[in-house]
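To keep things clear, I will list the structure first and then write my remarks on it.
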Amino acid sequence: MGAIFLSASVPTREPYSSDCRPQEIQAAVNALALVVLGRKKLVWGGHPAITPLLWSAAQAVGVEYTLAVELFQSRLFQKVLPAENRHFANVRLVDAVGEDVEASLLEMRKAMFTSTEFEAAVFIGGMHGILDEHKLLTSYWPNATCIPIAQTGGAARQLASDLHYLPPDDLAPLDFVALLYRGLGIRPSQKRETFVDLGGDHGASAGVL
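Following this note's numbering, the numbering of the sequence shown begins with 2 at its first residue and continues without gaps.
Laid out in structure tokens, this is it:
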């Protein structure tokens, strides 16, 4: 069973910020946590605006984060990593390429896409990195299912247009939960693999959303 890759950010620069929809980005991240965590491994390159959203969404799921997620970061950004990183036990730091941002991001992405087998990817909001990650992911895993959620705006909207991706006609436009269950081939009744009560600073409780 392959992993699910998440590519997401909250756009802060034109042209991607012009149609950015922060509420839909948060709703899509919440939906992804509900559908995937504890059922399939989730991998993503940490983003300062997304990691806190995903952590908040993950608290109520009650899975063992070490098994459920893998977070990749470039050491180039080590000084500005969000505090929520400490909640995700499986964080992989990839060495930077000097002070070169683009080269360092490429090394991190190569490390991500060669770390495991990917069966699908979800794209939410974002800027040009969304397009870069889609191109690199599909060069390694050409058969992976790609779900760009256009309603979140940003580069995800552009990618959906480029791929001619349309959600099923029988789903409401903002029903991200149903979209992801169907698109990722996960059943709502599917049991989550691991449940724990992490307690303490983690604030998670055992159970299923």
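Even for Gly, the Cβ is constructed at its ideal location relative to N, Cα and C.
- Sequence-distant Cβ neighbours of residue 105 in its own chain, meaning closer than 6 Å and more than five residues away, are 75, 77, 97 and 98.
- Of the residues 55, 42 and 193, the one whose Cα lies closest to the Cα of residue 113 is 42.
- Straight through space, the alpha carbons of residue 29 and residue 62 are spaced by roughly 16 Å.
- In summary, residue 48 is buried, with 16 or more beta-carbon neighbours lying within 10 Å of its beta-carbon over all protein chains present.
- Contact between residue 26 and residue 123 does not hold, since the beta-carbon distance rounds to 12 Å and is not under 8 Å.
- Residue range 70-75 is occupied by the beta strand (DSSP E) that includes residue 74.
- Note on geometry: alpha-carbon atoms of residue 153 and residue 57 lie some 19 Å from one another.
- Between the region 160-167 and the region 184-193 there are fewer than three inter-stretch CB-CB distances shorter than 8 Å, so the stretches are not counted as touching.
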